[in-house]
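A.B. asks: Residue numbers (the numbering used here), protein chains in the order written: chain S, 175 to 250; chain C, 11 to 280. Each residue gets a CB set at the ideal place from its N, CA and C atoms; glycine is no exception. Nothing here was measured: the structure is a model prediction, and the numbers come from that model.
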């Protein structure tokens with residue numbers, strides 16, 4: 175899943191190396207527009223519908239957090 | 011119509027639409043600081059429809075419309091109801107997307123909206139190290155005492171339909187962050203540039219030169235200082251009016267490229 179998440183992020187913002195960041199939001203790699211697009215891409219890729227209450231910037235700040243979000247919503 | 015009282019309410023309404031699990035389309039990417047200000051001034055309202063929420067933000071002389079919906083069809087049905095019951099006045103909506111031909115834009119156009127303007131996003135990807143240094147005594151950091159003068163320039167020279175004129179508190183916050191550059195001449199501010207700097211991203215918010223002082227390279231000086239300040243960033247970006255071909259050529263000269271990102275400003279005068 176990690177590779178797939180990195181691939182989605184890289185397609186969204188190809189200019190950044192998402193392996194080399196501690197916090198995508200604080201480092202300005204993703205903005206609110208990107209997050210909406212990222213949620214849509216994650217929904218489609220993993221066949222889920224991320225809960226609205228989870229669509230908060232903090233939940234998209236690292237690869238591990240994004241993976242946690244996908245896993246949580248897969249379990250629903 | 012109900013008044014929004016907190017950013018939390020916006021999130022809850024967004025959440026309610028999303029949790030219908032029928033899709034999600036929006037033009038509302040709320041910044042909590044700005045939404046809190048709208049709430050403070052009582053200028054943000056919402057209208058609830060099946061599968062759609064409209065947010066209406068009352069500006070000076072017009073209203074800005076935002077939507078969150080499950081689909082284009084749901085948005086269309088809600089929009090027809092919304093417009094039928096709406097009081098008169100100008101409504102402005104921004105439709106954003108990665109394509110120049112957006113179905114949501116057509117949907118609004120079919121319901122009385124007309125294209126007023128359009129913007130494109132331009133980006134530069136690289137390090138700015140080595141940018142030319144500016145002469146230090148012509149570009150100054152704005153101080154809190156400059157707020158009124160800058161706001162007056164906004165009122166006089168900016169198009170509120172397109173430019174999202176900042177509130178006083180937003181301007182004060184940028185000044186407190188040292189992100190407002192001003193150029194003075196004849197005892198007045200004749201140019202300013204406002205930016206955000208978040209990690210590796212440098213975002214140009216506003217760049218202005220007074221009409222009587224154009225063609226004196228004031229804009230270029232401000233811009234070079236802006237780029238110098240972001241010399242450790244990886245990405246620099248901004249929105250520009252797509253019909254402003256001269257400006258776009260100038261940005262291309264600085265190494266910026268047009269992104270596949272569009273913002274159509276549509277207006278409906280009811």
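Residue 217 (chain C) to residue 245 (chain C), Cα distance in whole Å?
C.D. replies: Your numbering for residue 217 (chain C) matches position 207 in the second chain. Your numbering for residue 245 (chain C) matches position 235 in the second chain. Looking at the two C-alpha atoms, the distance is approximately 18 Å.
A.B. asks: From what residue to what residue does the beta strand (DSSP E) around residue 124 (chain C) run?
C.D. replies: One-based indexing of the second chain puts residue 124 (chain C) at position 114. First-last of the beta strand (DSSP E) with residue 124 (chain C): 124 to 135.
A.B. asks: Once you ignore the five residues that flank residue 28 (chain C) on each side, which residues in its own chain have a CB closer than 6 Å to its CB?
C.D. replies: Within the second chain, the letter at position 18 stands for residue 28 (chain C). Correct list, in chain order: 34.
A.B. asks: Is it right to say residue 249 (chain S) is buried, meaning 16 or more other beta carbons lie within 10 angstroms of its own, or is it exposed?
C.D. replies: One-based indexing of the first chain puts residue 249 (chain S) at position 75. Residue 249 (chain S) comes out exposed.
A.B. asks: What does residue 225 (chain S) touch in chain C if you count any residue whose Cβ is under 7 Å from its own?
C.D. replies: Here the question's residue 225 (chain S) lines up with position 51 in the first chain. By Cβ distance, chain C contributes 29.
A.B. asks: Run down chain S in chain order and give the residues with a C-beta less than 8 Å from the C-beta of residue 230 (chain C).
C.D. replies: As a working mapping, residue 230 (chain C) is identified with position 220 in the second chain. Per Cβ cutoff of 8 Å: no residues; residue 230 (chain C) is ~25 Å from chain S at best.
A.B. asks: Cα-Cα, which of S:198, S:192 and S:238 is closest to residue 231 (chain S)?
C.D. replies: In the first chain, residue 231 (chain S) corresponds to position 57, counting from 1. Measuring from the Cα of residue 231 (chain S), the nearest candidate turns out to be S:198.
A.B. asks: Quick one, which residues of the stretch 25 to 52 of chain C are near chain S if we go by CB-CB under 8 Å, in chain order?
C.D. replies: So the close ones are 25, 26, 27, 28, 29, 31, 34, 36, 39, 40 and 41.
A.B. asks: Can you give me the start and stop residues for the beta strand (DSSP E) that residue 107 (chain C) sits inside?
C.D. replies: Indexing the second chain from 1 puts residue 107 (chain C) at position 97. Element bounds for residue 107 (chain C): 100 to 107.
A.B. asks: Which stretch, first to last residue, makes up the alpha helix (DSSP H) that contains residue 242 (chain S)?
C.D. replies: In the first chain, residue 242 (chain S) corresponds to position 68, counting from 1. From DSSP, the alpha helix (DSSP H) with residue 242 (chain S) extends over 237 to 248.
A.B. asks: Looking only at C-alpha atoms, which of C:64, C:51, C:71 and C:79 sits nearest to residue 95 (chain C)?
C.D. replies: On the second chain, residue 95 (chain C) is found 85 positions in, with the first residue counted as 1. When each option's Cα is compared against that of residue 95 (chain C), the closest is C:64.
A.B. asks: With a threshold of 8 Å between beta carbons, is residue 206 (chain S) in contact with chain C?
C.D. replies: One-based indexing of the first chain puts residue 206 (chain S) at position 32. Yes, residue 206 (chain S) counts as interfacial toward chain C.
A.B. asks: Report the residues of the stretch 230 to 256 of chain C with a CB closer than 9 Å to any CB of chain S, ordered along the chain.
C.D. replies: 243, 244 and 245
A.B. asks: Among C:30, C:221, C:265 and C:191, which has the Cα closest to the Cα of residue 231 (chain C)?
C.D. replies: As a first step, residue 231 (chain C) is located in the second chain; it is residue number 221 there, counting from the start. Of C:30, C:221, C:265 and C:191, the residue nearest in Cα terms is C:191.
A.B. asks: Going by C-alpha to C-alpha distance, which of S:244, S:203, S:196 and S:202 sits closest to residue 226 (chain S)?
C.D. replies: As a first step, residue 226 (chain S) is located in the first chain; it is residue number 52 there, counting from the start. For residue 226 (chain S), the nearest C-alpha among the options comes from S:244.
A.B. asks: Specify, as a first and last residue, the run of the beta strand (DSSP E) that residue 245 (chain C) falls within.
C.D. replies: Within the second chain, the letter at position 235 stands for residue 245 (chain C). Its beta strand (DSSP E) spans residues 245 to 251.
A.B. asks: For the stretch 194 to 216 of chain C, which residues have a CB atom closer than 7 Å to at least one CB atom of chain S, in sequence order?
C.D. replies: 208, 209, 210 and 211
A.B. asks: Once DSSP output is grouped into helix, strand and coil, what is the label at residue 153 (chain C)?
C.D. replies: On the second chain, position 143 is the one that residue 153 (chain C) refers to. Reduced to three states, the DSSP call for residue 153 (chain C) is coil.
A.B. asks: Kindly confirm or deny that the stretch 95 to 113 of chain C and the stretch 271 to 279 of chain C touch, where touching means at least three C-beta pairs closer than 8 Å.
C.D. replies: yes
A.B. asks: State the DSSP-derived secondary structure class of residue 233 (chain C), mapped to helix, strand or coil.
C.D. replies: Start at 1 with the first residue of the second chain, and residue 233 (chain C) comes out as number 223. The answer is helix: DSSP assigns residue 233 (chain C) an H, G or I state.
A.B. asks: Tell me, please, whether the CB atom of residue 229 (chain S) is closer than 8 Å to any CB atom in chain C?
C.D. replies: Counting from one through the first chain, the residue named residue 229 (chain S) turns up at place 55. So yes, residue 229 (chain S) belongs to the interface.
A.B. asks: Decide yes or no for the touch test of the stretch 38 to 55 of chain C against the stretch 162 to 182 of chain C: beta carbon pairs closer than 8 Å, at least 3 of them.
C.D. replies: yes
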